[in-house]
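So the sequences go chain by chain: A and B.
The working numbering applies: residue 151 is where the first sequence begins, and numbers increase by one.
The working numbering applies: residue 4 is where the second sequence begins, and numbers increase by one.
These notes are about the structure you will find just below.
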Amino acid sequence: MEILVCIKRVPDTSENELQLNTGGNDIERDDLVYSINEPDNYAVEEALQIVARTGGNVTVATVGGEDDEEVLRREMAMGAKQGVLLSDEAFNGSDGKGIATILKSYVEKNHYDLILTGVQADDGAAQVGGMLAALLDYPFASLVNSIEVVDGQKLRIGREIEGGNKEVNEIDLPCVLSIQTGINEPRYVGMKGIRQVASIEIPALSASDLGVAEATVGEAGAKVTRIDYFVPALGKGAEILQGGREENVEKVIELVKARGGVN
Amino acid sequence: MGRIFAYITHKNGVADDSALELAMAARKIDPSASPTALITGWGSAIDAASASVASSYAEVWKISNEKLAYPNAELVRKALVQVVPAGSIVLVPHDHFGIDLGPGLSVRLNAAFVSDVLAVDATEGGFLRAVRQEFGGQVSAHVRCDLSSGAVITIRPGAFKVPAGATQNGTIVDKSAEIGALESGRRYIETIAAESGDVDITRHPILVSIGRGIQDKDNIAIAEELAVALGAAVSCSRPVVDAKWLPKSRQVGSSGQTVKPKVYLACGISGSFQHLAGIKGNPFIVAINKNPKAPIFQVADVGIVDDILEFLPEMTDKLKQVAVG
Ligand SMILES: Cc1cc2nc3c(=O)[nH]c(=O)nc-3n(C[C@H](O)[C@H](O)[C@H](O)COP(=O)(O)OP(=O)(O)OC[C@H]3O[C@@H](n4cnc5c(N)ncnc54)[C@H](O)[C@@H]3O)c2cc1C
Numbered sequence: 151m152e153i154l155v156c157i158k159r160v161p162d163t164s165e166n167e168l169q170l171n172t173g174g175n176d177i178e179r180d181d182l183v184y185s186i187n188e189p190d191n192y193a194v195e196e197a198l199q200i201v202a203r204t205g206g207n208v209t210v211a212t213v214g215g216e217d218d219e220e221v222l223r224r225e226m227a228m229g230a231k232q233g234v235l236l237s238d239e240a241f242n243g244s245d246g247k248g249i250a251t252i253l254k255s256y257v258e259k260n261h262y263d264l265i266l267t268g269v270q271a272d273d274g275a276a277q278v279g280g281m282l283a284a285l286l287d288y289p290f291a292s293l294v295n296s297i298e299v300v301d302g303q304k305l306r307i308g309r310e311i312e313g314g315n316k317e318v319n320e321i322d323l324p325c326v327l328s329i330q331t332g333i334n335e336p337r338y339v340g341m342k343g344i345r346q347v348a349s350i351e352i353p354a355l356s357a358s359d360l361g362v363a364e365a366t367v368g369e370a371g372a373k374v375t376r377i378d379y380f381v382p383a384l385g386k387g388a389e390i391l392q393g394g395r396e397e398n399v400e401k402v403i404e405l406v407k408a409r410g411g412v413n
Numbered sequence: 004m005g006r007i008f009a010y011i012t013h014k015n016g017v018a019d020d021s022a023l024e025l026a027m028a029a030r031k032i033d034p035s036a037s038p039t040a041l042i043t044g045w046g047s048a049i050d051a052a053s054a055s056v057a058s059s060y061a062e063v064w065k066i067s068n069e070k071l072a073y074p075n076a077e078l079v080r081k082a083l084v085q086v087v088p089a090g091s092i093v094l095v096p097h098d099h100f101g102i103d104l105g106p107g108l109s110v111r112l113n114a115a116f117v118s119d120v121l122a123v124d125a126t127e128g129g130f131l132r133a134v135r136q137e138f139g140g141q142v143s144a145h146v147r148c149d150l151s152s153g154a155v156i157t158i159r160p161g162a163f164k165v166p167a168g169a170t171q172n173g174t175i176v177d178k179s180a181e182i183g184a185l186e187s188g189r190r191y192i193e194t195i196a197a198e199s200g201d202v203d204i205t206r207h208p209i210l211v212s213i214g215r216g217i218q219d220k221d222n223i224a225i226a227e228e229l230a231v232a233l234g235a236a237v238s239c240s241r242p243v244v245d246a247k248w249l250p251k252s253r254q255v256g257s258s259g260q261t262v263k264p265k266v267y268l269a270c271g272i273s274g275s276f277q278h279l280a281g282i283k284g285n286p287f288i289v290a291i292n293k294n295p296k297a298p299i300f301q302v303a304d305v306g307i308v309d310d311i312l313e314f315l316p317e318m319t320d321k322l323k324q325v326a327v328g
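Okay, here's the thing in structure tokens:
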């Protein structure tokens with residue numbers, strides 16, 4: 151099976167305390183730790199496990215700039231055969247539909263049986279996979295937490311729904327699936343693995359290479375734009391204990407016992 | 004501005020809480036609008052659900068079709084594009100169904116898409132100004148959406164508070180005949196219920212809940228020891244389950260369990276809305292987190308900015324001393 155996984159490099163929110171920049175139009179990006187968007191990493195692992203069973207190749211693609219090559223290489227070190235960078239100034243300022251339009255052009259110039267994305271990225275929008283599927287007129291399923299290859303024509307997939315229940319579907323290939331975290335245990339990637347793929351060439355494809363009409367992407371095509379970032383005024387908020395650790399420990403024990411009815 | 008629709012999700016004939024929240028959101032987008040409910044399904048279930056939403060919407064468009072008995076988002080989308088007029092605004096709850104339906108629906112309606120909206124500031128000159136969150140809730144953003152060709156907007160569950168009162172006596176308009184054959188490359192087979200686990204976290208008055216901040220499988224013991232000393236149970240956030248450090252039955256949140264303890268100790272948990280969605284009954288929340296800006300401090304009653312790997316063992320030691328002494 152030929153599988154494409156669409157990935158994104160994002161600031162690691164569990165490693166960073168995010169600050170706004172002075173203009174309020176972006177977060178302060180200097181000194182941020184970046185990594186692969188977590189669900190995307192699960193998607194790549196899933197793709198690798200599928201091709202290990204059925205044969206075929208995994209390609210990873212991202213829309214971005216030179217800095218984003220590092221996540222392509224990281225996923226290639228996991229086992230993806232090829233990385234592709236979709237890069238053009240005309241892509242800047244794209245909304246979700248713009249990104250999906252760029253990916254669609256790439257998919258149409260190639261042949262993939264299965265396309266995976268992560269459920270959502272740093273903007274929490276959970277939009278690109280479903281849009282890409284609709285643009286390609288492929289079936290789509292979101293929040294996928296299990297994949298079983300039935301035959302060359304279809305998959306049996308699980309979707310995570312409320313309360314941890316699983317909705318089982320059959321879906322025809324080619325299709326687009328957005329992958330939920332926890333579907334597998336992504337393999338470890340060491341520095342050594344990354345060095346081994348360091349010299350593999352990563353093609354960069356521009357709007358004209360892809361045949362993307364510039365008016366449909368970037369700022370020109372965006373119907374949704376971000377005006378600014380802000381940190382909302384705190385509501386009531388927690389009472390932050392200011393004591394030393396020992397004092398805080400005692401205070402918490404006292405509170406827990408009082409409120410929890412323990413003696 | 005186009006007509007505003009609210010897609011109603013329902014189960015066993017009962018409309019979801021989001022049905023009313025979407026009506027509120029519609030009024031924020033356009034105070035003069037009278038939003039229309041859109042409902043799909045089959046049989047007595049859709050009839051019961053339509054009748055109940057008619058008390059909150061002036062008009063209910065009902066699409067009854069055997070193929071829509073289970074809400075397969077692919078089929079629902081195909082049905083909706085046949086009845087929703089161009090330029091409309093369609094509101095959908097931002098849950099496992101809305102995530103499935105929304106993006107593709109916007110493409111098919113050639114409409115803008117804004118997801119997970121928490122608040123609406125204004126609608127001016129054909130643009131909507133709304134509030135969303137990014138980066139796991141650490142930062143909020145204002146977004147502007149061009150409404151000229153309509154929009155699909157998914158609404159954060161619980162974000163639009165519903166005032167009591169103001170009932171409608173809505174009319175139900177049957178749109179079922181406008182739907183052609185419904186086929187999709189995705190077919191619903193069955194729903195498998197979540198497995199129940201060794202410990203039922205929904206029944207415990209005190210929960211020691213751990214998040215990604217616990218950092219390693221070996222550190223789970225720290226939480227377990229504290230729970231024993233406190234007479235509590237250990238629950239967790241999703242990353243702990245994803246990493247297979249605890250079973251799924253211990254996960255609190257929209258895709259896990261709903262808990263109603265008296266005290267909830269959130270340890271190394273950032274406080275995402277999906278996690279908070281599983282905490283009900285207004286417990287006393289104590290948050291311990293090393294990041295003073297973690298969103299959990301906005302909802303907690305008491306906060307401690309500290310390293311849980313040091314704070315929790317000290318709590319356990321202290322409790323043991325007290326027990327002995
Ligand atoms: C459809 C969907 C459904 C979801 N359902 C759920 C759900 O049911 N339940 C759920 O929990 N999540 C759910 N999630 C995931 C959710 O969006 C968040 O990603 C998740 O809740 C984050 O978990 P966390 O707070 O443990 O991790 P993070 O957001 O990574 O936060 C870790 C926190 O630990 C702190 N920390 C790190 N080290 C330490 C230390 N040594 N001492 C003290 N503090 C420390 C950090 O400052 C940070 O605030 C869902 C997501 C999606 C898309």
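We treat Cβ as the ideally placed atom computed from N, Cα and C, and that holds for glycine.
Since the structure is predicted, the reported quantities are computational estimates derived from the model, not experimental observations.
Check	Outcome
Sequence-distant residues of the same chain with beta carbon closer than 7 Å to alanine 18/B, five excluded per side	Ile11, Ala52, Ser55 and Val56
Pair within 8 Å by beta-carbon distance, leucine 2/B and alanine 115/B	The structure shown has nothing for residue 2/B, since chain B only spans 4 to 328.
Beta-carbon proximity of glycine 2/B to serine 273/B, cut-off 8 Å	Residue 2/B lies beyond the range of chain B shown here (4 to 328); nothing can be said about it.
Same chain, Cβ closer than 6 Å to alanine 226/B, five either side skipped, listed in chain order	Val211, Ile213 and Val237
Three-way DSSP call (helix, strand, coil) for histidine 145/B in this model	strand
Check whether valine 294/A and serine 328/A have beta carbons under 8 Å apart	yes
Under 9 Å from the C-beta of cysteine 325/A: neighbouring residues of chain C	The structure shown contains no chain C; the protein chains it does contain are A and B.
Inter-residue Cα distance where the pair is asparagine 207/A and aspartate 263/A	10 Å
Interfacial residues, the stretch 297-324 of chain A to chain B, with Cβ spacing under 8 Å	Arg306, Gly308, Arg309, Glu310, Ile311, Glu312, Gly313, Gly314, Asn315, Lys316, Glu317, Val318, Asn319, Glu320, Ile321 and Asp322
Near ligand 3: glutamine 270/A beta-carbon under 7 Å from a heavy atom	For ligand 3, the structure offers nothing, since it holds only ligand 1.
Exposure of tyrosine 338/A, with buried meaning 16 or more beta-carbon neighbours within 10 Å	exposed
Spatially closest choice to aspartate 310/B from Lys220/B, Gly139/B, Ala303/B and Gly271/B, by CA coordinates	Gly271/B
Positions along the stretch 303-322 of chain B whose CB lies within less than 8 Å of some CB in chain A	Ala303, Asp304, Val305, Gly306, Ile307, Val308, Asp309, Glu313, Phe314, Glu317, Met318, Lys321 and Leu322
Within 8 Å, strictly: CB atoms of phenylalanine 287/B and lysine 265/B	yes
Min CB distance phenylalanine 290/A to chain B below 8 Å	yes
Neighbour flag for tyrosine 379/A against chain B, beta carbons, 8 Å	yes
Chain B residues whose Cβ lies nearer than 7 Å to that of threonine 163/A	Phe138, Gly139 and Gln141
Alpha-carbon to alpha-carbon, alanine 280/B and alanine 372/A	32 Å
Short-range partners of chain A found in the stretch 145-158 of chain B, where Cβ spacing is below 9 Å	His145, Val146, Arg147, Cys148, Asp149, Leu150, Ser151, Ser152, Ala154 and Thr157
Residues near alanine 197/A by beta carbon distance below 7 Å, same chain, minus five either side	Ile153, Val155, Val208 and Leu266
Coil, strand or helix - serine 258/B by DSSP	coil
Closer than 7 Å: serine 164/A CB and nearest ligand 1 heavy atom	yes
Beta carbon of methionine 27/B nearer than 8 Å to that of threonine 126/B	no
Residues that alanine 284/A contacts on chain B, provided the C-beta gap is smaller than 9 Å	Arg80, Pro106, Gly107, Leu108, Ser109, Val110 and Arg111
Min CB distance isoleucine 102/B to chain A below 8 Å	yes
Close-in-space but distant-in-sequence residues of the same chain around proline 298/B (CB under 7 Å, 5 per side omitted)	Gly140, Gln141, Ser273 and Gly274
Contact set between the stretch 326-348 of chain A and chain B, restricted to residues whose Cβ is under 7 Å from the partner	Thr331, Gly332 and Glu335
Length-filtered (4 minimum) alpha helix (DSSP H) runs lying within the stretch 321-399 of chain A	341-346, 357-360 and 368-371
Three-state secondary structure (DSSP) of aspartate 218/A	helix
Rounded straight-line distance, which links the Cα of proline 208/B to that of alanine 224/B	20 Å
The stretch 153-173 of chain B in contact with the stretch 312-320 of chain A per 3-pair CB rule at 8 Å	no
Cβ-Cβ distance between asparagine 187/A and glycine 268/A below 8 Å	yes
Cβ neighbour criterion (16 or more within 10 Å) applied to serine 109/B	buried
Residues that lysine 247/B contacts on chain A, provided the C-beta gap is smaller than 9 Å	Gly332 and Glu335
Contact with chain B by glutamate 400/A, beta-carbon distance below 8 Å	yes
Contact under 8 Å by Cβ, glycine 214/A with serine 237/A	yes
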